[in-house]
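See structure below.
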Amino acid sequence: MKETLIHLFHRDLLRLKTEIQAYKNQEAIWLVTEEVKNSSGNLVLHLIGNLNTYIGSILGHTGYVRDRDKEFTEKDITSDALMAQIDDTDHMIHKVLSAMTEKEFQLKYSVKVFDEQDMTVEFFIIHLFGHLNYHLGQISYHRRLFDL
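Its first residue numbered 10, the sequence shown is counted upward by one per residue in this note's numbering.
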């Protein structure tokens, strides 16, 4: 399970980078409208904050401190800076998950995040992978709509 999760997170964080790099107009990364409230850039920051909190800080004790509000208010970060943050997140996930034993994946996740009762670490990591892909799909559509 551990190697599969490491592989899948790595694969889809590369897809996230590919989506951001595919913007022809880098300013479009930060576009919002009345109907589309979150830019691709802010969704990337949100994913970085989410993964660094729940895998890095909680499981890996990295010391990461999340500023969730800033994930949605910060603007105009360069795509190179976003790429570097994605790479750092990918490396962190590899390091944290690689250090875990299979038994640790079956332990109860130590923080109540939502209304799941007795959620295992494995369950929540799979949930985080789904969350990554939910927003990856939104980013893909954002690029197709606004990068004209």
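C-beta atoms are modelled at their ideal positions from N, C-alpha and C, and glycine is treated no differently.
Residue interval of the alpha helix (DSSP H) (run including residue i)
i      : result
His16  : Lys11 to Gln30
Arg134 : Checking the displayed sequence, the identity of residue 134 turns out to be Ile instead of Arg. Element bounds for Ile134: Val130 to Phe155.
Thr62  : Note, Thr62: premise wrong, no alpha helix (DSSP H); not H, not E.
Asp85  : Run containing Asp85: none; DSSP gives neither H nor E here.
Pairwise C-alpha distance: residue j and residue i
i      : j      : result
Asp89  : Gly72  : 24 Å
Tyr63  : Thr13  : 18 Å
Glu125 : Glu113 : 18 Å
Leu60  : Ile135 : 12 Å
His140 : Phe133 : 10 Å
Ala149 : Leu106 : Checking the sequence, you will find Ser at residue 149 rather than Ala. The alpha-carbon atoms of Ser149 and Leu106 are separated by roughly 27 Å.
Val130 : Leu17  : 16 Å
Leu154 : Asp21  : 21 Å
Asn142 : Gln35  : 22 Å
Coarse secondary structure for residue i, derived from DSSP in three states
i      : result
Thr42  : coil
Lys33  : coil
Lys117 : strand
Asn51  : helix
Gln126 : coil
Distance CB(residue i)-CB(residue j) smaller than 7 Å
i      : j      : result
His19  : Asp127 : no
Ile1   : Leu25  : The question about residue 1 has no answer here: the residues shown for the chain are numbered 10 through 157.
Glu28  : Arg152 : yes
Asp85  : Trp39  : yes
Ile67  : Val120 : yes
His144 : Leu56  : yes
Checklist entry - Counting pairs of Cβ atoms below 8 Å between the stretch 49-59 and the stretch 68-84, do you hit three or more? => result In short, these stretches touch, since the Cβ pair count reaches three.
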